[in-house]
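For reference, the structure is listed below as structure tokens.
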Amino acid sequence: MGRSDGVMEGNGTELPGNEAGSSMDTDLHIDHFEELAKQFKVLAEPARLQILSALCHQERSVQDICQRTGLHQGNVSKHLRLMKDAGVVNCRRVGVWRYYRVVDQDLLDLCSQRQKHRQF
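One point on numbering: in full-length UniProt numbering, the residue at position 37 of the sequence shown is 37, and numbering is uninterrupted.
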């Protein structure tokens, strides 16, 4: 039987390192999950996933994204604005052109995994 200050598994054995009163794991802080939920919510739309895929390997202009996805410019601009507000993409201006890129390395990794699995 485990110590009374630990966390017990369903089978009655104590999990190590989970003493009562220990400080909260910073990786489990609610702020991290709120940001993640915001990103997942904005990506829970097929057109935005198309845009994300178009941006996975390089920065692109709105016009280039439209060509690659077949989406209309107004829709692409709207989706990019939402993705930017959620911290998924960033934008830089060069004259009248806007170029977007994915800013979160984890999302880039997710794109790479998707590409690998698509090849099979």
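Note that CB positions come from ideal geometry on N, CA and C, so glycine has one too.
Next item on the list: Express the C-alpha separation of Phe-33 and residue 121 in angstroms, rounding to a whole number.
Entry: Not covered by the structure: residue 121. The range shown for the chain is 1 to 120.
Margin query: Residues in the same chain with beta-carbon distance under 8 Å from Ser-77, minus the five sequence neighbours each way, listed in chain order, please.
Written below: Same-chain partners within the cutoff: Val-62.
Item checked: Start-end ranges of the alpha helix (DSSP H) lying completely within the UniProt domain "HTH arsR-type" (28-120), minimum 4 residues -> If we require 4 residues or more, the alpha helix (DSSP H) runs fully inside the UniProt domain "HTH arsR-type" (28-120) come out as 30-43, 46-55, 62-69, 73-85 and 105-118.
Checklist line | Option nearest Arg-81 by Cα separation, candidates Arg-48, Leu-107, Leu-28 and Phe-40 | finding: The shortest C-alpha separation from Arg-81 is found at Arg-48.
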